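Before any comments, here is the structure.
There are 2 protein chains.
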Amino acid sequence: MESSKHLTPHFREELEHLKERLLVMAGAAEEQVRTAVRSLVDRDHELARQVLTGDDPINLLHIEIDKRCFQLLALHQPMATDLRVVVSGVKINSDLERVGDFAINIAEATLRYLEHPPVKPLIDIPRMADLAQGMLRDSLDAFVRQDTTLAQEVLDRDDALDLLKDQVFRELLGFMLSDPLVTGPALDLILVSRHLERIGDHATNIAEEAIFIVSGLDVRHHGRDGSAQDDG
Amino acid sequence: MESSKHLTPHFREELEHLKERLLVMAGAAEEQVRTAVRSLVDRDHELARQVLTGDDPINLLHIEIDKRCFQLLALHQPMATDLRVVVSGVKINSDLERVGDFAINIAEATLRYLEHPPVKPLIDIPRMADLAQGMLRDSLDAFVRQDTTLAQEVLDRDDALDLLKDQVFRELLGFMLSDPLVTGPALDLILVSRHLERIGDHATNIAEEAIFIVSGLDVRHHGRDGSAQDDG
Chain D
1 MESSKHLTPH FREELEHLKE RLLVMAGAAE EQVRTAVRSL VDRDHELARQ VLTGDDPINL
61 LHIEIDKRCF QLLALHQPMA TDLRVVVSGV KINSDLERVG DFAINIAEAT LRYLEHPPVK
121 PLIDIPRMAD LAQGMLRDSL DAFVRQDTTL AQEVLDRDDA LDLLKDQVFR ELLGFMLSDP
181 LVTGPALDLI LVSRHLERIG DHATNIAEEA IFIVSGLDVR HHGRDGSAQD DG
Chain H
1001 MESSKHLTPH FREELEHLKE RLLVMAGAAE EQVRTAVRSL VDRDHELARQ VLTGDDPINL
1061 LHIEIDKRCF QLLALHQPMA TDLRVVVSGV KINSDLERVG DFAINIAEAT LRYLEHPPVK
1121 PLIDIPRMAD LAQGMLRDSL DAFVRQDTTL AQEVLDRDDA LDLLKDQVFR ELLGFMLSDP
1181 LVTGPALDLI LVSRHLERIG DHATNIAEEA IFIVSGLDVR HHGRDGSAQD DG
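Here it is as structure tokens:
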């Protein structure tokens, strides 16, 4: 078995296919999030229920992509950047599956929320959703195109999401204190904002992987490690 | 480069070392969770602050273990079960890092909670913490010892954790409705219970990896896929 086997056209094809499947999965996860938030904003029960039963494609992709990564490692024994892409593929796959789970959590909170009159017009939560979805989309693009500038932009946007989450928390706590009747539904809005913040965290993970693939630099934990990760 | 290189004593040693480091990381993450919950129960600000500044070892282990997995793949090109152990190592490493993050989230909620008088004696939350910590410990043991029976036990315990989370939610919502003054602190207790539930989810992920390593069976998503994952 020659060590340059990973440079064969077949391996390249498989690697491109892996990236395509990750894009498909990201699209599916983003769509679930979009639908979940729309069901909340439009007060549409049916749409929320669609999200609850709509995660089969994501779960199947999760299993399929894991298998792809595994087979790429077993059959081609990639090295250096190629190895980084496949290992990052494993992690990004997990991140996207979690995003799908958060869409479900948002739909669950929505169905509880819709049992009550609206607490307030929703402004910050759709804004958080747009931000988180954009981060997710761009982090995947950064990974596929190996674009570290775009990846860094995703990392920079995470602070805005955190600020909005804190703002939502404070505002809704205020509502709850002045009118205990809104406690339940306001709590659900707080949970939705937390789920959206977590989706942003996963986009951040993906962006960090994109930077790692290109530079070999581990930028997680504020690059405390500092040194480049060498693949031996 | 011979394909049986991964069977050399050196590879075995490195693989054992990887497992040991994952155990160390799991121990560190569990200790952070334990300390965070103790700070809440004992109303100990100092302990909560220790958790906030205590995640350096976990973050360094996160980077170190990722590097180890990467080097095992690059230098030894493991196959079959060995490959599964290393790829699972990558995922478990991410799971444990998230557990460390949740310990921080619990400590943050605790510091807010301690600004107010206690809402109620804490019974279910310490119970949830015990359960989640036990699941985490056992999932790692199941992974290291390749014990699928223990892994399955961990999966079975997740329902109990979910039930407790729902119980905590309902009880605290009741407190908030009857006394708006406890809204803020009760909300923080709800968040703590959600963080503990997520820790249980990560233990579940780890247990599923343990089963996958031994059987090649993907039991995630209720084994909807059904088929064995083959490593080619």
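Chains as they are written, first to last, in our numbering: chain D, 1 to 232; chain H, 1001 to 1232. Glycine included, each C-beta is placed from N, C-alpha and C at the ideal position. Since we're looking at a predicted model, the values are computed, not measured.
Short CB-CB distance (under 9 Å) between residue i and chain D
i                  : result
Arg1220 of chain H : yes
Met1079 of chain H : yes
Leu1155 of chain H : no
Gly1184 of chain H : yes
Ala1074 of chain H : yes
Phe1070 of chain H : yes
Met1128 of chain H : no
Met1176 of chain H : yes
Leu1163 of chain H : no
Val1051 of chain H : no
Pro1057 of chain H : no
Pro1117 of chain H : no
His1090 of chain H : Here residue 1090 of chain H turns out to be Val, not His, going by the sequence shown. For Val1090 of chain H, the answer is yes, since a Cβ of chain D falls inside 9 Å of its Cβ.
Ser1094 of chain H : yes
Leu1018 of chain H : no
Leu1191 of chain H : yes
Leu1173 of chain H : yes
Cutoff 9 Å: residue i Cβ touching any chain H Cβ
i                 : result
Phe11 of chain D  : no
Leu60 of chain D  : yes
Lys120 of chain D : no
Arg194 of chain D : yes
Asp66 of chain D  : yes
Ile106 of chain D : no
Arg137 of chain D : no
Val87 of chain D  : yes
Ile125 of chain D : no
Arg21 of chain D  : no
Leu83 of chain D  : yes
Leu187 of chain D : yes
Glu14 of chain D  : no
Nearest-angstrom beta carbon gap, residue j and residue i [assumed within contact, 8 Å]
i                  : j                  : result
Ala1210 of chain H : Ala1151 of chain H : 4 Å
Ile199 of chain D  : Val168 of chain D  : Rounded, the Cβ-Cβ distance is 14 Å, inconsistent with contact.
Gln32 of chain D   : Gly100 of chain D  : 6 Å
Val154 of chain D  : Ala103 of chain D  : Their Cβ separation, rounded to whole angstroms, is 19 Å, which puts Val154 of chain D and Ala103 of chain D out of contact at 8 Å.
Ala107 of chain D  : Ser178 of chain D  : Ala107 of chain D to Ser178 of chain D, Cβ: 28 Å. No contact.
Gly89 of chain D   : Leu196 of chain D  : Contact doesn't hold; Cβ gap of about 25 Å is too wide.
Leu1173 of chain H : Leu187 of chain D  : 7 Å
Ile1058 of chain H : Leu1140 of chain H : At roughly 14 Å, the Cβ-Cβ gap does not stay under 8 Å, so Ile1058 of chain H and Leu1140 of chain H are not in contact.
Val119 of chain D  : Phe70 of chain D   : The Cβ separation is near 46 Å, so there is no contact.
Glu14 of chain D   : Leu72 of chain D   : 6 Å
Arg1068 of chain H : Arg1021 of chain H : 7 Å
Ser94 of chain D   : Ser1193 of chain H : With a Cβ gap of about 24 Å, Ser94 of chain D and Ser1193 of chain H do not count as contacting.
Just list the alpha helix (DSSP H) runs in the stretch 1102 to 1155 of chain H, keeping only unbroken ones of 4 residues or longer that don't cross its boundaries, in chain order. 1124 to 1145
Is it the case that the stretch 1105 to 1125 of chain H contacts the stretch 96 to 116 of chain D, given that we only count it when at least three CB pairs across the two stretches are under 8 Å? no
Could you pull out every unbroken alpha helix (DSSP H) segment of at least 4 residues lying fully inside the stretch 12 to 49 of chain D, listed in chain order? none
If we count Cβ pairs, one from each stretch, closer than 8 Å, do we get three or more for the stretch 1006 to 1018 of chain H versus the stretch 1068 to 1088 of chain H? yes
Between the stretch 10 to 29 of chain D and the stretch 122 to 131 of chain D, do at least 3 Cβ pairs fall closer than 8 Å? no
Using 8 Å as the Cβ pair cut-off and three pairs as the minimum, do the stretch 1157 to 1172 of chain H and the stretch 1062 to 1070 of chain H touch? no
The stretch 1041 to 1051 of chain H / the stretch 205 to 221 of chain D touching (three or more Cβ pairs under 8 Å): no
Which residues, in order along the stretch 1193 to 1216 of chain H, keep a beta-carbon less than 7 Å from a beta-carbon of chain B? No chain B is part of this structure, whose protein chains are labelled D and H.
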